Amino acid sequence: MSVKSDRATASGTVRRAFPVELEVRAKKGVSNVSTIEGYASVTETPYDMWDMFGPYSEVLRVGSFAKTLAETPQVQLLLNHGGLSMAYTQAGTLRLSEDSTGLHMEADVNTKRSDVSDMLLAMEERSVDEMSFAFRVTRQQWSPDYDQRDILEVDLHRGDVSVVNFGANPATSVGAMRAADFDRLGEDDARALMERLQLRFAPAVVEPEPVAGHPLSLYLAQAAALDL
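Position 86, counted from 1, in the sequence shown is what my numbering calls 128; the numbers after and before it change by one each time, with no gaps.
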């Protein structure tokens with residue numbers, strides 16, 4: 043049976059989104075280039091997360107970016123974590139640093155590109171006001187009750203910083219129930235989740251219940267959990 047301590051075993055690339063104020067200005071002496079400046083992440087500011095065990099608190103600690111930035115990571119500026127790169131650390135058009143506020147970013151973008159122009163217009167209209175970044179946790183510390191996670195060190199290599207329409211609310215995160223979470227459930231926990239989801243998404247017309255233990259039952263539970 044899964045327990046809260048399993049939270050400490052989760053791995054892989056994750057994303058966190060934060061409301062931001064981004065400054066856009068024309069790059070001096072260079073035509074068709076604008077510079078975007080702001081913070082892709084903030085530190086020492088707890089936010090709520092949610093997983094299969096319920097809510098917990100998470101905070102990125104000051105210094106969590108120091109090691110990865112010293113290793114010159116390959117990071118790209120994207121829109122909604124997809125599409126063509128708009129700026130790139132390897133090209134010198136994306137510059138990242140850490141200060142007492144968080145992960146600072148400065149990006150030079152080509153305004154001749156239609157996707158860049160659309161993004162800048164949306165930012166000017168304040169139609170978008172959040173950023174998200176993709177990273178891997180390399181060092182962390184959990185409270186004894188596993189209800190608070192302190193992220194002490196991250197890896198940004200081959201990740202991204204993104205301007206996003208709406209970042210995944212950390213409280214409900216893409217992450218509230220992902221396929222990887224479902225796959226880690228033990229059989230008893232999976233069955234309990236299935237029963238709760240069947241009650242929540244019960245159709246108006248009464249239909250025969252799935253046969254207990256039938257693979258289709260677990261498939262339906264996973265599909266519902268992923269909002270498919």
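The beta carbon of each residue, even a glycine, is placed where N, CA and C say it ideally should be. Predicted model, so just to flag it, every value in this text is computed and none were measured.
- Gly144 sits close to Ala82, with the two beta carbons spaced by under 9 angstroms.
- A direct Cα-to-Cα measurement between Ser53 and Val66 gives close to 35 angstroms.
- By the C-beta criterion, the region 69 to 77 is judged not to be in contact with the region 105 to 121, since fewer than 3 inter-stretch pairs fall below 8 angstroms.
- Counting the other Cβ atoms within 10 Å of the Cβ of Phe175 gives 16 or more, which makes it buried.
- Rounded to whole angstroms, the separation of the alpha carbons of Val56 and Val205 is 16 angstroms.
- For Val117, the enclosing beta strand (DSSP E) has its first and last residue at 117 to 121.
- Secondary structure at Ser44: coil, using DSSP grouped into helix, strand and coil.
- The beta carbon of Glu148 is closer than 6 angstroms to those of Glu79, Arg137 in its chain, skipping five residues each way along the sequence.
- Considering only Leu102, Leu121, Val45, the residue with the shortest C-alpha distance to Asp93 is Val45.
- Under the Cβ criterion (8 angstroms, minimum of three pairs), the region 122 to 136 counts as touching the region 153 to 161.
- Excluding its 5 nearest sequence neighbours in each direction, Asp150 has C-beta neighbours in its own chain below 7 angstroms: Lys69, Val75, Thr77, Ala129, Thr135, listed in chain order.
- In this structure, Arg168 lies away from Phe95, with their beta-carbon atoms at least 9 angstroms apart.
- Nearest to His146 by C-alpha distance, out of Ser47, Leu64, Thr153, is Leu64.
- Taken through DSSP and simplified to helix, strand or coil, Leu64 comes out as coil.
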